[in-house]
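Per UniProt numbering, the sequence shown starts with residue 1, numbered consecutively. Just below is one structure, and these are the notes that go with it.
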Amino acid sequence: MEEIRQRRVLMVPAPFQGHLPSMMNLASYLSSQGFSITIVRNEFNFKDISHNFPGIKFFTIKDGLSESDVKSLGLLEFVLELNSVCEPLLKEFLSNHDDVVDFIIYDEFVYFPRCVAEDLNLPKMVFSPSSAATSISRCVLMENQANGLLPPQDARSQLEETVPEFHPFRFKDLPFTAYGSMERLMILYENVSNRASSSGIIHNSSDCLENSFITTAQENWGVPVYPVGPLHMTNSAMSCPSLFEEERNCLEWLEKQETNSVIYISMGSLAMTQDIEAVEMAMGFVQSNQPFLWVIRPGSITGQDSLDFLPEQFNQTVTDGRGFVVKWAPQKEVLRHRAVGGFWNHGGWNSCLESISSGVPMICRPYSGDQRVNTRLMSHVWQTAYEIEGELERGAVEMAVRRLIVDQEGEEMRMRATILKEEVEASVTTEGSSHNSLNNLVQAIMMQIDEQ
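Shown next as structure tokens:
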């Protein structure tokens with residue numbers, strides 16, 4: 001056992017709420033298998049989580065970046081800048097701490113460790129907190145862009161067409177961004193998709209969810225792919241504190257609601273909502289006559305610093321107790337609560353996995369990037385969600401909520417979601433596909449280190 005404990009793995013998570021928890025779940029598992037784990041974090045968006053992970057070492061890169069840089073640069077440009085700034089800083093860190101690393105695992109969006117590992121002749125793997133379908137879709141988008149085959153963004157009928165050899169995805173489902181130009185997005189995706197030199201790709205997904213896409217990814221990059229998720233369901237998964245303050249009093253409110261009656265609404269940690277859409281959503285929830293729990297993250301409504309702009313009828317519904325509004329919620333606990341019958345969200349992969357593992361069907365309103373891909377998976381592959389498209393108006397919101405919570409169609413979705421939940425639960429048990437993939441990953445890392 002002592003020999004195993006000397007194998008040292010350096011892990012570099014991306015500093016975003018949607019990326020950090022799954023990487024820390026993986027770190028917990030590797031630590032439980034005897035590896036010495038060091039986490040290198042960014043100064044940007046920093047919150048001390050070390051007390052939740054005893055036995056894991058933490059170091060911070062002084063990148064000098066802040067939330068104001070995200071606002072001034074835009075998210076896409078910020079991620080490119082983050083990678084540019086941090087590459088020499090990681091190289092300097094490792095030159096002063098050469099006793100902490102035999103192997104590097106880095107998040108796909110903080111790709112700066114790739115060049116550092118190659119310079120130091122260290123084996124490495126890419127960790128993708130996204131779906132395997134998303135990894136493939138980026139390559140499909142780059143190929144179609146390079147060949148001039150993408151329809152113009154205003155050519156609605158063409159965007160509805162299925163992408164050749166990428167069923168069931170339409171051109172509009174490809175991972176375009178709301179955060180920057182196509183030119184800069186291609187630079188980011190080229191770096192994110194540069195994986196052929198790695199020892200493997202680790203996906204927070206499951207073979208039972210994405211077998212064909214995982215096979216395609218392995219063929220595309222020519223390296224092993226390890227579908228080890230959902231990582232938050234593994235036995236060794238330790239709770240990673242949210243980067244946002246959770247308002248747990250919403251759980252008390254849920255206790256007062258009937259089973260499968262509540263629509264839970266959360267648009268994730270980055271997506272934005274137009275103030276006009278927020279008003280229509282608010283009134284749609286009121287008119288649905290269903291209890292609702294709505295997460296409205298500060299700063300997530302365009303042009304609004306408070307919720308004073310929401311209609312008085314909405315505020316009265318909340319006052320009367322049929323609605324509850326929080327800034328951030330303990331999402332996994334909310335989704336597991338018996339009262340929650342549906343989840344309105346942006347289609348982020350963490351939300352999809354948490355919804356699947358709780359057996360809760362969804363209404364998806366994708367905003368940017370992989371959210372469109374995930375929404376298509378949920379609605380047309382697993383059929384446990386439907387997408388609400390176009391301009392939002394309160395009547396459509398009301399109908400969508402009632403369709404999911406009250407109508408027979410929603411009940412059928414709940415049944416399919418329950419079946420999918422059982423399959424995912426089986427995958428993380430002993431002898432399940434994700435459990436076996438984790439064991440294979442451990443063996444592969446040990447072999448790579450021992451061959452050094």
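Glycine included, each C-beta is placed from N, C-alpha and C at the ideal position. Keep in mind the model is a prediction, meaning the values are calculated, not measured.
Span of the alpha helix (DSSP H) around residue i
| i | result |
| --- | --- |
| valine 334 | 331-336 |
| leucine 159 | 156-159 |
| valine 373 | 370-376 |
| proline 113 | 113-119 |
| glycine 18 | Here glycine 18 belongs to no alpha helix (DSSP H), and DSSP marks it neither H nor E. |
| glycine 395 | 394-405 |
| tryptophan 253 | 249-255 |
Coil, strand or helix - residue i by DSSP
| i | result |
| --- | --- |
| serine 128 | strand |
| aspartate 107 | strand |
| histidine 97 | coil |
| methionine 11 | strand |
| leucine 226 | It should be noted that the sequence gives tyrosine, not leucine, for residue 226. It is a strand residue. |
| glutamine 33 | coil |
| glutamine 313 | helix |
| valine 140 | helix |
| asparagine 194 | coil |
| glutamate 52 | Residue identity differs from the one stated: residue 52 is asparagine in this sequence, not glutamate. The answer is helix: DSSP assigns asparagine 52 an H, G or I state. |
| serine 433 | helix |
| aspartate 173 | helix |
| isoleucine 356 | helix |
| aspartate 450 | helix |
| threonine 234 | coil |
| arginine 5 | Note that arginine 5 scores 47 on pLDDT, short of 50, meaning its location in the model is unreliable and no value can be drawn from it. |
| glutamate 411 | helix |
| phenylalanine 46 | coil |
| residue 469 | Absent from the structure is residue 469, since the part of the chain shown begins at 1 and ends at 452. |
| glutamine 153 | coil |
| proline 123 | coil |
| glutamate 258 | coil |
| leucine 438 | helix |
| glycine 284 | helix |
| alanine 444 | helix |
Cβ separation of residue i and residue j, assumed to be a contact under 8 Å, to the nearest whole Å
| i | j | result |
| --- | --- | --- |
| serine 50 | valine 126 | Not a contact, Cβ separation roughly 25 Å. |
| tyrosine 111 | valine 192 | 6 Å |
| asparagine 194 | glycine 229 | No, asparagine 194 and glycine 229 are not in contact; Cβ-Cβ is about 22 Å, not under 8 Å. |
| proline 330 | glutamate 246 | 5 Å |
| methionine 362 | alanine 385 | 4 Å |
| glutamine 153 | methionine 186 | With 8 Å as the limit, glutamine 153 and methionine 186 do not qualify as a contact, their Cβ atoms being about 15 Å apart. |
| threonine 162 | phenylalanine 169 | 7 Å |
| serine 242 | glutamine 383 | That belief does not hold up - the Cβ atoms of serine 242 and glutamine 383 are roughly 30 Å apart, past 8 Å. |
| glutamate 108 | serine 128 | 5 Å |
| valine 424 | leucine 82 | No, valine 424 and leucine 82 are not in contact; Cβ-Cβ is about 32 Å, not under 8 Å. |
| isoleucine 214 | proline 227 | 5 Å |
| phenylalanine 93 | leucine 122 | With 8 Å as the limit, phenylalanine 93 and leucine 122 do not qualify as a contact, their Cβ atoms being about 13 Å apart. |
| asparagine 179 | serine 351 | It should be pointed out that residue 179 corresponds to tyrosine in this sequence rather than to asparagine. The Cβ separation is near 18 Å, so there is no contact. |
| leucine 251 | glutamate 333 | 6 Å |
| glutamate 67 | methionine 142 | That pair is no contact at about 30 Å. |
DSSP beta-bridge partners of residue i
| i | result |
| --- | --- |
| cysteine 364 | Asn345, Glu387 |
| isoleucine 263 | Phe292, Gly342 |
| histidine 203 | Ser128, Pro227 |
| phenylalanine 41 | The sequence given here has arginine at residue 41, not phenylalanine. Thr60, per the DSSP bridge assignment. |
| phenylalanine 324 | Leu293 |
| threonine 418 | Partner(s): none; threonine 418 has no beta bridge. |
| glutamine 274 | Thr302 |
| threonine 319 | Bridge partners of threonine 319: none, in fact. |
| threonine 215 | Partner(s): none; threonine 215 has no beta bridge. |
| threonine 162 | Arg170 |
First and last residue of the uninterrupted beta strand (DSSP E) at residue i
| i | result |
| --- | --- |
| threonine 60 | 57-61 |
| cysteine 74 | Checking the sequence, you will find glycine at residue 74 rather than cysteine. No beta strand (DSSP E) contains glycine 74, which DSSP labels as neither H nor E. |
beta-carbon residue i near the ligand SAM non-hydrogen atom, thresh 7 Å
| i | result |
| --- | --- |
| serine 137 | This structure lacks the ligand SAM; in fact it carries no ligand of any kind. |
Give a yes or no on contact between the stretch 298-308 and the stretch 339-348, applying the rule of three or more CB pairs nearer than 8 Å. No: the two stretches stay apart, fewer than three of their Cβ pairs being nearer than 8 Å.
Count the C-beta pairs between the stretch 61-71 and the stretch 87-96 that are closer than 8 Å, then say yes if the count reaches three, no if not. Contact holds between the stretch 61-71 and the stretch 87-96, because three or more Cβ pairs, one in each stretch, are under 8 Å apart.
Across the stretch 372-380 and the stretch 256-267, are there enough close Cβ pairs to call them in contact, namely three or more that are closer than 8 Å? Touching, no, given that fewer than three Cβ pairs across the two stretches are closer than 8 Å.
Taking contact to mean at least 3 C-beta pairs separated by less than 8 Å, is the stretch 214-225 in contact with the stretch 125-143? Because the criterion of three Cβ pairs below 8 Å is met, the stretch 214-225 and the stretch 125-143 touch.
Between the stretch 397-413 and the stretch 273-286, are three or more C-beta pairs nearer than 8 Å? The count of Cβ pairs closer than 8 Å, one atom from the stretch 397-413 and one from the stretch 273-286, reaches three, so the stretches are in contact.
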